[in-house]
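Number of protein chains: 2
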Amino acid sequence: MLKVTLLGTSGMMPMKDRWLSSCIISAQGHSILIDAGEGTQISMRRLGERFKPIDIICITHFHADHISGLPGILLSLSNDGRTDPLVILGPRGLARIVSSLCVITPGLGFDIICREYSDKGLCYKTDDLTVTAFPVRHGIPCLGYTVTLSRKREFDKEKAAANGVPMKLWSTLHKGISAELDGVRYEPDMVLGRERKGLKVTYCTDTRPIPAIAENAAGSDLFICEGMYGENDKLPRAKETYHMMFSEAAGLAKKAGAARLWLTHYSPSLTSPEDCLDTAAEIFPAAECGFDGKTIELDYPD
Amino acid sequence: MLKVTLLGTSGMMPMKDRWLSSCIISAQGHSILIDAGEGTQISMRRLGERFKPIDIICITHFHADHISGLPGILLSLSNDGRTDPLVILGPRGLARIVSSLCVITPGLGFDIICREYSDKGLCYKTDDLTVTAFPVRHGIPCLGYTVTLSRKREFDKEKAAANGVPMKLWSTLHKGISAELDGVRYEPDMVLGRERKGLKVTYCTDTRPIPAIAENAAGSDLFICEGMYGENDKLPRAKETYHMMFSEAAGLAKKAGAARLWLTHYSPSLTSPEDCLDTAAEIFPAAECGFDGKTIELDYPD
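Just so you know, the protein sequences line up as chains A and B, in that order.
If you read the first sequence in the working numbering, its first letter stands for residue 733, the second for the next number, and so on.
If you read the second sequence in the working numbering, its first letter stands for residue 733, the second for the next number, and so on.
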């Protein structure tokens, strides 16, 4: 199960009832925070999200509305008693930016490991969770992120019986752990059947629509994408500021074959996103407007 | 008239319904913002406070809960079309801290003038408003601030008549402007009577109680002071962290001869400040608990 919650859905400036874009994704006792604009720590407390499970913070880019809340998050983690190192992913220059912002957070109780995007890509794994960054097209270097939760292969009862695997080892081998009993060694492959699709969430803001986004979001169970502007006459503005229309986000969701699209990162000028949802839904019917606190628990289909 | 509003009243960490300590003081079309913790710009929007009139930002010290919202405030000012320079007052090191935080706010439309406290003091005047900083005692350099709105001297009708001042010049001279009529020059002093007390607000956090605070807060119409802890058994903790008890804030208000005391900057552990108000009120009866959005319009007594 992968739980996804939007902590904020505003772009550029926080509104009084719509805070800066941020998202928290949790599974298997781990949480991944994507972006940390001003107010993210308050939003987490309001929504009952816990700081302790955060293993990794993914920063899309260094505009203030996506990172100004980082010092507050770091202090909240420290006040929560964290001693384990924290991994932060982001574009090139991340270490310098984090170091500058941390001038107001002396004495944190843990180390920060900054990992910057390079030509070799950027990827982080913990248990069955994998976070992968991909470059998008904004005015400054900016990353999208996919989060996948892999799923164990099917348990093949007939294969297990044919291989003479004792029943008491089935569970262990199904977890991918080799075992030995009465001097005989058993391997996971002796009980494992076909591969099964895991869960995938793709998060993407701020950017113009580019083919790489649809490629990286391919088959996502949830595609969270910026929709800075809804009204069609805002396309020139979207191009100028390297942002996206609702309809463009919907086009990417369709190309990606995503199951769901959540729009987020609305312009302050877009006071009522729901009024423009049709412009996305006519291209991708499973489009929904994100809002602060919107949440879903994604589960395997069968 | 001096309008004072508490934008937040929490210390250390923002709570879901109590945000980081900050205060805005407005008079004569000017606003003074004291501290800018994370969320200050959101709090301003929620309370209907405007960004444009902010002439000056006063930073008490560089702990994140007092300054992490500065980038957001600067961007809000810039998005509001500001081109006039902005003055920021603070302890020594201010320019370096502001410069570090501004790594995420490139392209602001105005200049920032950092003025740091020195042995010569630190003072800023605009129209009839004066802001004065004074050092307090925290773990790191920290400043309290007094804001005064001066008042014109009384108009002395008998003196004006005795000096033969034509009635049509009375208003001009009362404003302190010299005038000439029919070849005769008239000076303000020809109509001005006794001095009149203006309005004074003192803001003070984070600090242990020291005599200089009561001296600087002397005669304040409103003394806003930290009350990190209410329960008496927290005194050792208050001493250890360089903070104050409700009762200690009340003692300072009494010594200062303040008209009112508002407590603020509560510890996250102090969930219900009102429950401890008695510990202040028995020393200084005009003590009140501050809360986010608490506001007052102070006017001259007569």
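Note that beta-carbon positions come from the ideal geometry of N, C-alpha and C, so glycine has one too.
Distance between residue j and residue i (C-alpha atoms, nearest Å)
| i | j | result |
| --- | --- | --- |
| Ile766/B | Asp851/A | 45 Å |
| Thr904/B | Ala911/B | 7 Å |
| Tyr998/B | Asp749/B | 12 Å |
| Asp965/B | Asp1007/B | 14 Å |
| Leu881/A | Tyr1032/A | 10 Å |
| Val863/A | Cys874/A | 16 Å |
| Arg778/A | Pro746/B | 10 Å |
| Pro1000/B | Met744/B | 7 Å |
| Pro823/A | Ala1019/B | 51 Å |
| Ile820/A | Arg828/B | 24 Å |
| Tyr974/A | Leu984/A | 15 Å |
| Lys986/A | Ala1012/A | 10 Å |
| Ala796/A | Ser763/B | 24 Å |
| Val879/A | Phe842/B | 40 Å |
| Asp816/B | Lys1026/B | 29 Å |
| Gly951/A | Gly771/A | 32 Å |
| Thr883/A | Lys857/A | Residue 883/A is actually Arg in this sequence, not Thr. Using only the alpha carbons, I get a separation of about 14 Å. |
| Ala892/B | Ala991/B | 34 Å |
| Ser1093/A | Pro1005/A | The requested residue 1093/A does not occur in the structure, where chain A is confined to residues 733 to 1034. |
| Glu1014/A | Ala949/A | 20 Å |
| Ile1028/A | Ala759/A | 12 Å |
| Leu861/B | Ile788/A | 47 Å |
| Tyr849/A | Gly876/A | 11 Å |
| Leu818/B | Ser832/A | 22 Å |
Same chain, Cβ closer than 6 Å to residue i, neighbours up to 5 away in sequence not counted
| i | result |
| --- | --- |
| Gly1022/B | Leu738, Thr741, Trp994, Leu995 and Thr996 |
| Glu781/A | Ile756 |
| Asp812/B | Phe783 and Lys784 |
| Ile836/B | Pro803 |
| Cys846/A | Ile820, Leu826, Ala827 and Val830 |
| Leu1002/A | Gly962 |
| Arg940/B | Arg869 and Tyr974 |
| Cys855/A | Thr864 |
| Ser775/B | Leu739, Gly740 and Trp751 |
| Leu920/B | According to the sequence displayed, residue 920/B carries Pro and not Leu. Within the same chain, Pro920/B has close Cβ partners Leu905 and Gly908. |
| Gly871/B | Tyr974 |
| Asn895/A | Met922 |
| Leu1009/B | Cys1021 |
Close-in-space but distant-in-sequence residues of the same chain around residue i (CB under 7 Å, 5 per side omitted)
| i | result |
| --- | --- |
| Asp888/A | Val923, Leu924 and Gly925 |
| Gly761/B | Pro785 |
| Arg885/A | Leu924, Gly925, Arg926, Glu927 and Arg928 |
| Gln773/B | Gly801, Gly804, Ile805 and Ser808 |
| Leu840/A | Leu806 and Ser810 |
| Gly989/B | Ala950 and Gly951 |
Cβ shell of residue i (< 8 Å), same chain only, five flanking positions each side left out
| i | result |
| --- | --- |
| Leu1030/B | Met733, Leu734, Lys735, Val736, Leu931, Val933, Asp953 and Leu954 |
| Met977/A | Gly959, Met960, Tyr961, Gly962, Asn964, Lys966, Leu967, Ala970 and Thr1011 |
Closer than 8 Å at the beta carbon, the chain D residues around residue i
| i | result |
| --- | --- |
| Ser808/A | Absence of chain D from the displayed structure is noted, the protein chains being A and B. |
Residue i: CB within 7 Å of a non-hydrogen atom of the ligand COA
| i | result |
| --- | --- |
| Thr1027/A | Among the ligands in the structure shown, none appear at all, so the ligand COA cannot be discussed. |
Discussion item. Against chain B, which members of the stretch 780–795 of chain A pass a CB distance test of less than 8 Å?
Written reply: Phe794 and His795
- Item | Validate contact between the stretch 883–901 of chain A and the stretch 942–955 of chain A using beta carbons, cut 8 Å, 3 pairs | no
Next on the checklist: For the stretch 867–879 of chain B, list every residue whose C-beta sits within 8 Å of some C-beta in chain A, in sequence order.
Outcome noted: none
Fill in: Any 3 or more C-beta pairs closer than 8 Å across the stretch 913–924 of chain A and the stretch 862–870 of chain A
no
message: Could you check whether the stretch 792–803 of chain A touches the stretch 744–754 of chain A, counting it as contact only if at least three pairs of C-beta atoms, one from each stretch, sit closer than 8 Å?
response: yes
message: Under 8 Å: do the stretch 963–971 of chain A and the stretch 925–932 of chain A share three or more Cβ pairs, one atom per stretch?
response: no
| said: My parser needs the alpha helix (DSSP H) runs of 4 or more residues fully inside the stretch 865–894 of chain B; what are they? | reply: 889–894
Problem set entry | Unbroken stretches of the beta strand (DSSP E), 3 residues or longer, contained in the stretch 744–814 of chain A | 754–759, 762–766 and 786–790
Which parts of the stretch 918–952 of chain A are runs of the alpha helix (DSSP H), unbroken and 4 residues or longer, counting only runs that do not cross its ends?
-> 943–948
Under 8 Å: do the stretch 786–797 of chain B and the stretch 767–776 of chain B share three or more Cβ pairs, one atom per stretch? yes
- Message: Output needed in chain order: residues of the stretch 744–762 of chain A with a Cβ under 8 Å from some Cβ in chain B.
- Response: Met744, Met745, Pro746, Met747, Lys748 and Trp751
Using a Cβ cut-off of 8 Å, which residues of the stretch 823–850 of chain B contact any Cβ in chain A, in chain order? Arg828, Ile829, Ser832, Leu833, Val835, Ile836 and Thr837
**Q.** Members of the stretch 900–912 of chain B that neighbour chain A once the beta carbon cut-off is set at 9 Å
**A.** none
Which residue spans inside the stretch 947–1019 of chain A form an unbroken alpha helix (DSSP H) run of at least 4? 967–972, 978–988 and 1009–1013
Which residues of the stretch 762–774 of chain A have a Cβ closer than 8 Å to any Cβ of chain B? Give them in chain order.
Glu770, Gly771, Gln773 and Ile774
In chain order, which continuous runs of the beta strand (DSSP E) of length 3 or greater are located wholly inside the stretch 828–861 of chain B?
844–848 and 855–858
Margin query: Short of 9 Å Cβ to Cβ, which residues in the stretch 968–991 of chain A face chain B?
Written below: none
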